[in-house]
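Enquirer:
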Amino acid sequence: MQQTCENDGSETPNLCHCINSNHYNYLIAAVVLLLASVSIVLLISYDRNGGRFTSTASLLPDRHDIYFSESEHILLDGVLKKAAMDDDTVILTVLNAAWAKPGSVLDQFLESFRIGDRTLRLLDHLVIVSMDIQAYNRCKSVHSNCVPLSTPGVDFSGQSDFMTNGYLKMMWKRIDLLWIVLQKGYNFIFTDTDVMWFRDPLPMFYKDGDFQISCDYFRGNPLDIQNNLPNGGFNYVKSNRRTIEFYRFWYASRLKYPGRNDQEVLNFIKADPFINGIGLKIRFLDTAYFGGLCEKSEDFQKVCTMHANCCIGLSRKVLDLRTMLEDWKKFLSFAPNIRNLHSSFWSVPKNCSMQPII
Ligand SMILES: *[C@@H]1O[C@H](CO)[C@@H](O)[C@H](O)[C@H]1NC(C)=O
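The sequence shown begins at 1 in full-length UniProt numbering and counts up one residue at a time.
#1: Could you give the first and the last residue of the continuous beta strand (DSSP E) run that contains P230?
#2: My assumption, with CB atoms under 8 Å, is that L229 sits in contact with D208. Please give the rounded CB distance.
#3: Consult DSSP for L43 and reduce its assignment to one of helix, strand or coil.
#4: Would DSSP call T56 helix, strand or coil?
#5: I need the straight-line Cα distance from F274 to Q226, nearest angstrom please.
#6: Quick test of the definition: if touching needs 3 or more C-beta pairs under 8 Å, does the region 120-129 touch the region 79-87?
#7: Between the region 293-308 and the region 189-206, are three or more C-beta pairs nearer than 8 Å?
#8: From the DSSP output, in three-state form, read off V303 for me.
#9: Hey, how far is the Cα of T93 from the Cα of F190?
#10: Between S253, D286 and Q134, which lies nearest to K270 when the distance is taken from Cα to Cα?
#11: Which value, in whole angstroms, describes the spacing of the CA atoms of M131 and V147?
#12: Using CA coordinates, which residue listed in N165, Q355, Y136 and F188 is at the minimum distance from R316?
#13: For a test of your reading of the model: does the CB of L95 fall under 7 Å from any non-hydrogen atom of ligand 1? Yes or no.
#14: Using 7 Å as the cut-off, classify the Cβ of K350 as near or not near the heavy atoms of ligand 1, replying yes or no.
#15: Once DSSP output is grouped into helix, strand and coil, what is the label at F109?
#16: Per the contact definition of three or more C-beta pairs closer than 8 Å, is the region 134-144 in contact with the region 111-118?
#17: Is L95 helix, strand or coil by DSSP?
#18: V147 lies in the beta strand (DSSP E); which residues open and close that run?
#19: Please state the DSSP three-state secondary structure of V265.
#20: Identify every residue that forms a DSSP beta bridge with N187.
#21: Taking the beta strand (DSSP E) that D216 belongs to, which residues open and close that run?
#22: By a C-beta neighbour count over all protein chains shown, 10 Å radius and 16 as the cutoff for buried, is S45 buried or exposed?
#23: Measuring only the C-alpha atoms, how far is K350 from L314?
#24: Can you pull the DSSP bridge partners for L285?
#25: For T56, collect the residues of the same chain with a Cβ closer than 7 Å to its Cβ; drop the 5 residues on either side in sequence, then sort them by chain order.
#26: Taking the straight line between their C-alpha atoms, what separation do you get for F297 and D320?
#27: Give the DSSP-derived three-state secondary structure of L126 in the structure shown.
#28: Taking 7 Å as the cut-off, is the C-beta of L319 nearer than that to any heavy atom in ligand 1?
#29: Just to confirm, are Y251 and L182 a CB contact at a threshold of 8 Å?
#30: In its own chain, which residues sit with a C-beta less than 6 Å from the C-beta of C311, not counting the 5 before and 5 after it?
#31: Compare the Cα-Cα distances from V90 to each of F188, N231, H73 and N96 and report the closest residue.
#32: Indicate whether I278 and I180 have their beta-carbon atoms separated by less than 8 Å.
#33: Around the C-beta of F345, are 16 or more other C-beta atoms found within 10 angstroms, so that it is buried, or is it exposed?
Here you go:
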């Protein structure tokens, strides 16, 4: 049949039709085969990535370094569930022994919740993740939602000054942990322990952001990815497909920039096409509400949090956090209706500076 058709060419309409329908059969078979092989390839790549499709920028190693035993997973799940707000949001901080000591940063952090404006109830939603056993024990004596996160053979209990090796490992471990928390379906407000909570930050978050992050320096536009200088010490992240992909990408990117901390790497990758590709909505938080020692929250009627950033050295930090708490108490000492008549101001930075300690 096919022979006949080919010999006669297109002169006879009937034969022509016969050529076409015969070729259609081949075409259909080829398309079916192609579709089948494409779906097999897709299935394989989907499976390899544990349920996610690959994209060019994410061809980076893709696994957690945190190892939880079965019982540790159960403990973490239980604490997260207990601490979560109605919309599955938790407040998270990460602690080591040096910061957990009595009179140090942990105590000042908890005190800020107690003297803040309606922040006391937020302590129920706070989960403290401890990097070593001393921090875990201290946590249990002062707070109800404590999670241990120890790494066999690695000691995180020391002071971990800015950019030392121990500091870097701890910073990246916390990104890995936050990625796990997102995968478990919880939204979080991550806060460094040296962030003082004076007001509930939730009303000040943007309604439509996936990943909202505080800034060392805020340039006025919450969408400005180029000029705002983010600080990873305080951020609000909703758990969804985009943020889970983003944390995977961020964590994997540490291998591309060895010796850099999470914040520096964030600055390298924040404008990466991958982030646009996944549709992540990044918002930068205004220092008017979420301030720090780099750029203060000048208006005491607005401040939600104050971070002891731009400060090297634990002892200096503790001194300035103390001063910060006293400044806030002074503001509170005026009756609510006349607070705006008094000029309140921060007397920090006083002992803090970016000068290395000699
Ligand atoms: C902290 O700063 C104050 C005021 O500048 C100064 O008097 C004090 O000695 C400083 N304390 C330490 C321990 O550096």
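Just so you know, even glycine gets a beta-carbon here, dropped at the ideal spot from N, CA and C.
Note that the coordinates shown come from a computational prediction; the quantities given were computed from them, not determined experimentally.
Expert: The relevant details are as follows:
#1: Numbered from 1 along the sequence shown, position 230 holds the residue referred to as residue 230. Note, P230: beta strand (DSSP E), L229 to V237.
#2: Position 229 of the sequence shown, counted from the first residue, corresponds to residue 229. Position 208 of the sequence shown, counted from the first residue, corresponds to residue 208. Not really, about 22 Å apart at Cβ, beyond 8 Å.
#3: In the sequence shown, residue 43 corresponds to position 43, counting from 1. Since pLDDT at L43 reaches only 44, below the 50 mark, its modelled position is unreliable, and the value read off the structure follows with that caveat. The answer is helix: DSSP assigns L43 an H, G or I state.
#4: Here residue 56 refers to the residue found at position 56 of the sequence shown. Residue confidence is low: T56 scores 45 on pLDDT, short of 50, so the model does not pin down where it sits. Its coordinate-derived value is still stated next. Here T56 sits in helix by DSSP.
#5: Walking along the sequence shown from the start, residue 274 turns up at place 274. Walking along the sequence shown from the start, residue 226 turns up at place 226. Cα to Cα, the separation comes out at about 16 Å.
#6: yes
#7: yes
#8: Counting from 1 along the sequence shown, the entry for residue 303 is found at position 303. Three-state result, V303: coil.
#9: Within the sequence shown, the letter at position 93 stands for residue 93. Within the sequence shown, the letter at position 190 stands for residue 190. Roughly 6 Å between the two C-alpha positions.
#10: The count along the sequence shown starts at 1 and reaches residue 270 at position 270. Measuring from the Cα of K270, the nearest candidate turns out to be S253.
#11: Along the sequence shown, read from residue 1 onward, the residue named residue 131 stands at position 131. Along the sequence shown, read from residue 1 onward, the residue named residue 147 stands at position 147. Distance between the alpha carbons of M131 and V147: 9 Å.
#12: Sequence index remark: in the sequence shown, residue 316 carries index 316 (1-based). Of the listed residues, the one whose Cα sits closest to R316 is Q355.
#13: By one-based count along the sequence shown, residue 95 stands at place 95. Outside the cutoff, so no.
#14: For the purposes of this step, residue 350 is taken as residue 350 along the sequence shown, with counting starting at 1. Yes, since a heavy atom of ligand 1 falls inside the 7 Å radius drawn around the Cβ of K350.
#15: Numbered from its first residue, the sequence shown carries residue 109 at position 109. It is helical.
#16: Proximity of the region 111-118 to the region 134-144 falls short of the contact definition, fewer than three beta-carbon pairs being nearer than 8 Å.
#17: Sequence index remark: in the sequence shown, residue 95 carries index 95 (1-based). Here L95 sits in strand by DSSP.
#18: Within the sequence shown, the letter at position 147 stands for residue 147. Element bounds for V147: C146 to P148.
#19: Walking along the sequence shown from the start, residue 265 turns up at place 265. Here V265 sits in helix by DSSP.
#20: The residue you call residue 187 lines up with position 187 of the sequence shown. For N187, which the question treats as bridged, DSSP gives the partners T89.
#21: Along the sequence shown, one-based indexing puts residue 216 at 216. Segment F211 to Y217, the beta strand (DSSP E) holding D216.
#22: By 1-based counting over the sequence shown, the position of residue 45 is 45. Only weak support exists for where S45 lies, its pLDDT of 43 falling under 50; the value from the coordinates is given anyway. Exposed: under 16 other Cβ atoms inside 10 Å.
#23: For the purposes of this step, residue 350 is taken as the residue at position 350 of the sequence shown. For the purposes of this step, residue 314 is taken as the residue at position 314 of the sequence shown. In this structure, the alpha-carbon of K350 lies about 14 Å from that of L314.
#24: Along the sequence shown, read from residue 1 onward, the residue named residue 285 stands at position 285. Per DSSP, none; premise fails for L285.
#25: To locate residue 56, count along the sequence shown from 1; it is residue 56. Because the pLDDT of T56 is 45, which lies under 50, any placement of that residue in the model is unreliable, and the question is left without a value.
#26: The residue labelled residue 297 in the question sits at position 297 within the sequence shown. The residue labelled residue 320 in the question sits at position 320 within the sequence shown. Correcting the residue identity first, residue 297 is Ser in this sequence and not Phe. Looking at the backbone, the Cα of S297 and that of D320 are separated by about 15 Å.
#27: Taking the sequence shown and counting its residues from 1, the one referred to as residue 126 is at position 126. In the structure shown, L126 falls within a strand segment according to DSSP collapsed to helix, strand and coil.
#28: Here residue 319 corresponds to residue number 319 of the sequence shown, with the count starting at 1. Yes; taking the cut-off as 7 Å, the Cβ of L319 has a heavy atom of ligand 1 nearer than that.
#29: Here residue 251 corresponds to residue number 251 of the sequence shown, with the count starting at 1. Here residue 182 corresponds to residue number 182 of the sequence shown, with the count starting at 1. Contact flag unset, no.
#30: Translated into positions along the sequence shown, residue 311 becomes position 311. Same-chain partners within the cutoff: L293, K317 and C352.
#31: Walking along the sequence shown from the start, residue 90 turns up at place 90. Nearest of F188, N231, H73 and N96 to V90, Cα basis: F188.
#32: Translated into positions along the sequence shown, residue 278 becomes position 278. Translated into positions along the sequence shown, residue 180 becomes position 180. Taking 8 Å as the Cβ cut-off, I278 and I180 do not qualify as a contacting pair.
#33: Looking up residue 345 in the sequence shown gives position 345. With fewer than 16 other Cβ atoms within 10 Å, it is exposed.
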